[in-house]
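Residue numbers (full-length UniProt numbering): 1 to 254.
Here the structure is laid out as structure tokens; the discussion comes afterwards.
Quick look at the structure:
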């Protein structure tokens with residue numbers, strides 16, 4: 001039987017398949033299984049957890065929907081531990097926020113907390129290849145946009161700079177959180193047309209901050225890196241909130 005879980009009286013009772021799915025995940029961790037390792041067969045799972053075939057199959061469907069197992073048919077087939085990709089995890093977490101009506105202020109509240117300290121921690125630690133990658137990204141929006149489509153792409157590329165920087169943090173959770181946050185901001189920008197009308201000040205000041213940040217990172221100046229990123233976050237938030245306000249005025253007028 002799957003182990004009982006502690007829950008408050010106000011917490012909904014988990015269905016039996018969900019309980020079994022949780023028990024299988026616990027079993028995988030306890031036995032140190034890794035991505036690609038084969039899971040026990042269906043008869044073995046039925047015996048191990050003392051549940052009916054239908055319950056085991058539903059539990060396995062739950063785990064497959066979560067991206068934690070994969071199933072192959074034919075010779076050599078079966079169920080295998082599967083590592084959830086960053087893209088899938090980001091999409092699943094994004095679904096949670098789909099109806100939360102996030103604002104620019106919500107997103108930048110987190111960015112102001114996380115990104116300046118991350119930038120400071122990376123000063124003097126990035127390889128020449130990593131610094132060149134950041135500079136190459138900045139070069140893709142070296143001139144003001146000439147069309148709305150180009151303006152939209154510039155916004156996304158500028159945000160990609162922060163995801164690239166986070167990928168070198170050496171902290172998987174921090175890297176994922178920042179990548180997720182900037183991805184949410186990119187989606188919000190596109191969905192709400194926050195790139196319209198083009199904002200030359202946002203492009204100019206954002207690019208200037210990023211160039212100065214790369215220089216501080218190259219020189220190993222943690223204090224400068226922190227200060228530049230703090231300034232970047234504050235100014236970007238103010239200008240993006242201005243874009244958001246314009247969008248709302250257009251929506252009300254229309």
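Glycine included, C-beta positions come from ideal geometry on N, C-alpha and C.
Own chain residues within Cβ distance below 6 angstroms of residue i, not counting five before or after
i	result
residue 179	163 and 166
residue 140	157
residue 70	80 and 82
residue 186	156 and 159
residue 235	205
residue 51	20
residue 130	168
residue 7	Any answer about residue 7 is weak, because its pLDDT of 49 lies below 50 and its placement is not dependable; what the coordinates show is given next. If we look at residue 7 and ignore the five residues flanking it on each side, it has no Cβ neighbours.
Own chain residues within Cβ distance below 7 angstroms of residue i, not counting five before or after
i	result
residue 88	67
residue 238	none
residue 144	200 and 203
residue 190	152
Anticipated Cβ contact below 8 angstroms, residue i with residue j, distance rounded
i	j	result
residue 116	residue 233	7 angstroms
residue 168	residue 114	At roughly 14 angstroms, the Cβ-Cβ gap does not stay under 8 angstroms, so residue 168 and residue 114 are not in contact.
residue 151	residue 195	5 angstroms
residue 219	residue 138	At roughly 17 angstroms, the Cβ-Cβ gap does not stay under 8 angstroms, so residue 219 and residue 138 are not in contact.
residue 119	residue 229	4 angstroms
residue 94	residue 184	7 angstroms
residue 265	residue 38	This structure gives no information on residue 265, because the portion of the chain shown stretches from 1 to 254.
residue 92	residue 181	Their Cβ separation, rounded to whole angstroms, is 15 angstroms, which puts residue 92 and residue 181 out of contact at 8 angstroms.
Beta bridge counterpart(s) of residue i as assigned by DSSP
i	result
residue 231	For residue 231, which the question treats as bridged, DSSP gives no partner whatsoever.
residue 304	The shown model of the chain, from 1 to 254, leaves out residue 304, and the question about it has no answer.
residue 38	80
Proximal residues to residue i (C-beta, below 8 angstroms), its chain only, five neighbours per side dropped
i	result
residue 122	165, 168, 169, 217 and 225
residue 85	67
residue 40	48
Problem set entry | Ordered list of alpha helix (DSSP H) runs contained in the region 191 to 229, each at least 4 residues | 200 to 219
Exercise. Would you call the region 120 to 136 and the region 186 to 204 in contact, with 3 or more CB pairs under 8 angstroms?
Worked result: no
Exercise. Is it true that the region 55 to 65 meets the region 101 to 110, where meeting means three or more beta-carbon pairs spaced less than 8 angstroms apart?
Worked result: No: fewer than three Cβ pairs fall under 8 angstroms.
Exercise. Of all the alpha helix (DSSP H) runs that stay within the bounds of the region 102 to 161, which reach a length of 4 or more residues?
Worked result: Within the region 102 to 161, the complete alpha helix (DSSP H) runs of at least 4 residues are 104 to 122 and 128 to 139.
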